[in-house]
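Since the structure comes first, as C-alpha cells, the remarks are kept for the end.
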Amino acid sequence: MAGYEEAVRVTDEAGNLIRTGDDGSLPLQAVQKGELEGSLVAGQVLKVSLPMGEIDLRGVKEGGEGEEGEQGVGAVDAARLQYEVRVYGRNKQVAQGYAGRVKVSLRPLSETSGASGAVGTAEEAGGGLELVVEEPPRPAELKVKVVVRGALPAAARVDLESGYGLVKVVDLGGPPVVRNGYGPTGLGRLAGDWSVEVDYSALLVDGIAGDLEMRGDYSEANVSHVGGDLTIRSDYKDIRVADVRGDGIGGDVRASSSYGDLRLAGLRRNVEIEAKFANVDLGFTAPPDHCFRLRSRYGSIADDLSVTEERSAGSCEKLRQGVAGRGQYRVSVETDVWEAPARNR
Numbered sequence: 001m002a003g004y005e006e007a008v009r010v011t012d013e014a015g016n017l018i019r020t021g022d023d024g025s026l027p028l029q030a031v032q033k034g035e036l037e038g039s040l041v042a043g044q045v046l047k048v049s050l051p052m053g054e055i056d057l058r059g060v061k062e063g064g065e066g067e068e069g070e071q072g073v074g075a076v077d078a079a080r081l082q083y084e085v086r087v088y089g090r091n092k093q094v095a096q097g098y099a100g101r102v103k104v105s106l107r108p109l110s111e112t113s114g115a116s117g118a119v120g121t122a123e124e125a126g127g128g129l130e131l132v133v134e135e136p137p138r139p140a141e142l143k144v145k146v147v148v149r150g151a152l153p154a155a156a157r158v159d160l161e162s163g164y165g166l167v168k169v170v171d172l173g174g175p176p177v178v179r180n181g182y183g184p185t186g187l188g189r190l191a192g193d194w195s196v197e198v199d200y201s202a203l204l205v206d207g208i209a210g211d212l213e214m215r216g217d218y219s220e221a222n223v224s225h226v227g228g229d230l231t232i233r234s235d236y237k238d239i240r241v242a243d244v245r246g247d248g249i250g251g252d253v254r255a256s257s258s259y260g261d262l263r264l265a266g267l268r269r270n271v272e273i274e275a276k277f278a279n280v281d282l283g284f285t286a287p288p289d290h291c292f293r294l295r296s297r298y299g300s301i302a303d304d305l306s307v308t309e310e311r312s313a314g315s316c317e318k319l320r321q322g323v324a325g326r327g328q329y330r331v332s333v334e335t336d337v338w339e340a341p342a343r344n345r
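Here you go:
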C-alpha cells in the first residue's frame, strides 16, 4: 500500500499552498501527541472526521498482535489510537500555546449523531466510538493538522471523512463509508461491502471481499481483486481495474464515467458501462461466457474479443454484437469517445 502521489495543489483563501502531507506555506511549530483507547467490539463503528489530517487504521484479528507487537485484549475488543496535533505558524510561542489547548478524545457514538451513509445510525450499527477534536478559537495565522493512526478489531467498521490528507485502511470489515476530498486513499484486504467517495484524490484498492461502490471525480483510481459487484460513478477520473491475483472481479460491473479512461481486466460476469468522452478497454477471463453488445460513437472500444461482428449503426457509429459460450452473462457498453484505435490482444 505504497506509492501514492499527490495530484492536486490546494491553496487557502489567501492563496497560500496547502499540501495534504504538510502545510507547505507555514513552518511546523508545535506538536501535541497522545494515545486513546476505547471499547469497540465486532460490528461497532469508529467515526473519524478531520478537516485536514491523516487517517491510518488497521484491523487486528482475535489472537493477533496489538500495536508494536504486543499481545493484549485491547487489540481485539478496543480501538487503540495514537494522535498528533500539528500546529503550523510563524510564531512558535503562539503555536505552542494553541497546541496545548486542543483536546482530542474518544466518545460513545450517540444515536442522534450516528454514523453516516451506508453504516447507518449508531443504533443500527450497534453503537461505537467517535474521535472528537475540540479546538478553541484559532488565530488566523495558524494552521492545524491532526494525524490519527491505530488498530481496531478486524470485525469493527469505520465511518471516515478527511477534507485534506491521506486515508489508509487495511484488514477491516464492512459495510463502512470512506470519504476523502484531497489526498491519496488506500484500501486493502477488506471484508464485506465498501463505499468510497473520493474527489481530487488518487484511489488505490487491493482486495475487497464483497461489493465495492466508488464515486469520485478528478484524479485516478487503481482497483484490483474485488470479490463482489463493482459500481463506478466518476467524471474526469482515469479508472484501472486489474486482474493482478488471477481472480479479478467476482461479481457484476456497473460504470458511469465521463472525461476519463476505463481500463477493466479480469471481467467474469455482467458488465454495463455508459461513458462519455472516455476510452474503454475491456479484458475478460477465459473462456468468456457472454452475450455482447458494444456501441461506440466517434471512436472505438478496445477489447480482447474475437466473437463479435461489427456493423455501422448510423453516422460515425459502430455496433458490435456476438455471443461467446452459452452467453450466460451480458455485456453492454455505450460510449461516446474521441478517436482511439482498436487493438487485439
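Under this note's numbering, residues 1 to 345 are what the sequence shown spells out, in order.
The beta carbon of each residue, even a glycine, is placed where N, CA and C say it ideally should be.
Asked: Thinking Y83 and V146 are a contact (beta carbons under 8 Å), I'd like their distance in whole angstroms, please.; Found: 6 Å
Asked: Let me check understanding here. Comparing Cα to Cα, which of P176, G181, D206, S201 lies closest to G192?; Found: P176
Asked: Quick one: does D211 have its CB under 7 Å from some CB of chain B?; Found: Protein chains in the displayed structure number just one, and chain B is not present.
Asked: Do you know whose CA, among G250, A275, N270, lies nearest Y259's CA?; Found: A275
Asked: Alpha carbon to alpha carbon, how far is R157 from E220?; Found: 25 Å
Asked: What are the complete beta strand (DSSP E) segments, minimum 3 residues, inside the stretch 121-180?; Found: 128-134, 143-153, 157-164, 167-170
Asked: Taking 7 Å as the cut-off, decide whether the C-beta atoms of D289 and G325 are in contact.; Found: yes
Asked: Taking the alpha-carbon positions, what's the M214 to Q93 distance?; Found: 44 Å
Asked: Taking the beta strand (DSSP E) that G97 falls in, what are its first and last residues?; Found: Looking at the DSSP string, G97 is not in any beta strand (DSSP E); the run it does join, the alpha helix (DSSP H), is 92-99.
Asked: Which first and last residues belong to the beta strand (DSSP E) in which F277 is found?; Found: From DSSP, F277 is part of no beta strand (DSSP E); its letter is neither H nor E.
Asked: According to the Cβ coordinates, are R254 and E272 closer than 7 Å?; Found: yes
Asked: Buried or exposed for K143, please, with buried defined as at least 16 other CB atoms from any protein chain shown within 10 angstroms of its CB.; Found: buried
Asked: In three-state terms, what does DSSP make of V41?; Found: coil
Asked: Evaluate S110 with the Cβ neighbour count: other Cβ atoms within 10 Å of its Cβ, from every protein chain shown; 16 or more gives buried, anything less gives exposed.; Found: exposed
Asked: Helix, strand or coil for A342 per DSSP?; Found: In this predicted model, A342 has a pLDDT of only 37, less than 50, meaning its place in the structure is not dependable; the value taken from the coordinates is given anyway. It is coil, neither helix nor strand.
Asked: When the Cα of L26 is compared with those of G43, G89, L46, which residue comes out closest?; Found: G89
Asked: Fully enclosed by the stretch 186-239, which beta strand (DSSP E) runs are 3 residues long or longer?; Found: 194-198, 203-208, 212-226
Asked: Taking just the CA atoms, how far does E317 sit from K61?; Found: 54 Å
Asked: Let me check understanding here. Comparing Cα to Cα, which of D199, G126, E37 lies closest to E161?; Found: D199
Asked: Quick one: using the 10 Å Cβ neighbour count with 16 as the cut-off for buried, is V223 buried or exposed?; Found: buried
Asked: Between the C-alpha atoms of V173 and G227, what's the straight-line distance to the nearest angstrom?; Found: This sequence places Gly at residue 173; Val is not what is there. So the two alpha carbons sit approximately 13 Å from each other.
Asked: Under three-state DSSP, which class holds D336?; Found: strand
Asked: By the three-class DSSP mapping on this structure, what secondary structure does D56 have?; Found: strand
Asked: Have a look at V333, A151, N270, D206 and flag the residue whose alpha-carbon is nearest the alpha-carbon of I301.; Found: V333
Asked: Start and end of the beta strand (DSSP E) containing Q321?; Found: 317-323
Asked: State buried or exposed for G183, treating a residue as buried only when at least 16 other CB atoms are found within 10 Å of its CB.; Found: buried
Asked: Which term fits Q328, buried or exposed, when burial requires 16 or more other beta carbons within 10 angstroms of its beta carbon?; Found: exposed
Asked: With G126 and P108 assumed to form a contact (beta carbons below 8 Å), what rounded beta-carbon distance in angstroms separates them?; Found: That belief does not hold up - the Cβ atoms of G126 and P108 are roughly 12 Å apart, past 8 Å.
Asked: DSSP three-state call for V48: helix, strand or coil?; Found: strand
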